[in-house]
Amino acid sequence: MLICLFDSQGIVPKEFVPQGHKVNQQFYRAELERLRNRVMRVRPNIKNWVLHHDNAPCHRLQLMSFWQVKTSLGFLNPPYSPDLSPCNFFLFPRVKMHLKRRHFGQ
21 MLICLFDSQG
31 IVPKEFVPQG
41 HKVNQQFYRA
51 ELERLRNRVM
61 RVRPNIKNWV
71 LHHDNAPCHR
81 LQLMSFWQVK
91 TSLGFLNPPY
101 SPDLSPCNFF
111 LFPRVKMHLK
121 RRHFGQ
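Residues in the sequence shown are numbered from 21 upward in steps of one, following the numbering used here.
Next up, the structure:
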């Protein structure tokens with residue numbers, strides 16, 4: 021599984037979840053902390069940013085709400101709607117372009 025953040029300039033950081041590892045609230049919060057620090061280093065001119073993520077259980081837990089308040093980060097949890105998914109319009113087309121005509125083994 022891949023966790024990545026992107027903006028209009030491209031992918032900022034990306035992290036691969038180790039195979040067989042479950043993404044629970046503690047893992048997700050620690051990962052967001054690492055990604056947040058990376059965004060602050062890579063895009064220092066962006067002071068206020070909003071994280072748009074889906075409604076996976078680890079994204080909606082109370083611990084995440086406390087972390088959001090602590091970090092003053094804006095979060096969007098839209099309903100399941102492809103019209104609101106930036107991944108469909110920005111990320112996935114770029115990934116598909118890079119993977120075009122590549123074949124992967126087992």
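The C-beta atom is built at its ideal place from N, Cα and C for all residues, glycine as well.
Helix, strand or coil: how does DSSP classify residue i here?
i	result
residue 43	coil
residue 26	strand
residue 59	helix
Is it the case that the Cβ atoms of residue i and residue j are separated by a distance below 9 Å?
i	j	result
residue 23	residue 53	no
residue 58	residue 33	yes
residue 31	residue 111	yes
Per DSSP, residue i is paired with what?
i	result
residue 112	Bridge partners of residue 112: none, in fact.
residue 31	26
residue 36	22
At the 9 Å Cβ level, is residue i part of the contact set with chain B, yes or no?
i	result
residue 33	Here chain B cannot be found, since the structure has a single protein chain.
Just mark residue i as buried or exposed, buried being the case when its beta carbon has 16 or more other beta carbons within 10 Å.
i	result
residue 25	buried
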